[in-house]
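*Asks:* If you scroll down you'll find the structure; I have some questions about it.
This is the structure we're talking about:
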């Protein structure tokens, strides 16, 4: 794993998202940087596609198409960056994502969210990673398979299995 000791105050958003795109290109298909849509915070998103059965090593996984979307907002009113790290399964209408933003102050600076369609199934506090954004991406990628696998119960997204540590 690469260690980045860059001064986070000097980060440039486009360059950061280009580096995230390079990082994801080895694990995901059709990885690209795009401008955020008007309803999305931050200037860019990096999007990649994957076959979840292969990525998760589970031939019986209920979806065959998934995408990852990652975006950072470097300039915030807080002493840290905001980010959105989402796993999205369009066939299942599922979103599993870590969000470090100002939307759920009661959960702390970071929460893990599961959506079934447009309905939030759960929000749980997650570990705050005070590190360079590329290190945050590596940390979340390492935890992603457990988080995605932990949401299913009887073939439907049902929140997070508390026996699996996915909020770290």
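Residue numbers (the UniProt record's numbering): 1 to 168.
Think of the CB as a built atom: it goes at the ideal place given N, C-alpha and C, for glycine as much as any other residue.
Hey, residue 50 and residue 68 are a contact pair by Cβ (cut 8 Å); roughly how many whole angstroms apart?
*Replies:* Taking the first residue of the chain shown as position 1, residue 50 is located at position 50. Taking the first residue of the chain shown as position 1, residue 68 is located at position 68. About 7 Å; that satisfies the 8 Å criterion.
*Asks:* Nearest to residue 72 by CA position, among 157, 21, 57, is which residue?
*Replies:* For the purposes of this step, residue 72 is identified with residue 72 of the chain shown, where counting begins at 1. The candidate whose alpha carbon is nearest that of residue 72 is 21.
*Asks:* Nearest-angstrom Cα distance between residue 58 and residue 52?
*Replies:* Here residue 58 refers to the residue found at position 58 when the chain shown is read from its first residue. Here residue 52 refers to the residue found at position 52 when the chain shown is read from its first residue. For residue 58 and residue 52, the distance between alpha carbons rounds to 8 Å.
*Asks:* Under a three-way DSSP split, which group does residue 67 fall into?
*Replies:* As a first step, residue 67 is located in the chain shown; it is residue number 67 there, counting from the start. Strand.
*Asks:* Quick one: give me the first and last residue of the alpha helix (DSSP H) that residue 116 is part of.
*Replies:* For the purposes of this step, residue 116 is identified with residue 116 of the chain shown, where counting begins at 1. It is not in any alpha helix (DSSP H) - residue 116 instead sits in the beta strand (DSSP E) that spans 110 to 116.
*Asks:* Ends of the beta strand (DSSP E) at residue 29?
*Replies:* Here residue 29 refers to the residue found at position 29 when the chain shown is read from its first residue. Counting along the chain, the beta strand (DSSP E) containing residue 29 begins and ends at 29 to 35.
*Asks:* What residues in its chain sit with their C-beta under 7 Å from that of residue 92, if we drop five residues either side in the sequence?
*Replies:* Within the chain shown, residue 92 is the residue found at index 92, counting from 1. The answer, listed in chain order, is 62, 63.
*Asks:* What do you reckon, are the CB atoms on residue 175 and residue 126 nearer than 8 Å?
*Replies:* Past the boundaries of the shown model lies residue 175; the chain is included only from 1 to 168, so the question cannot be answered.
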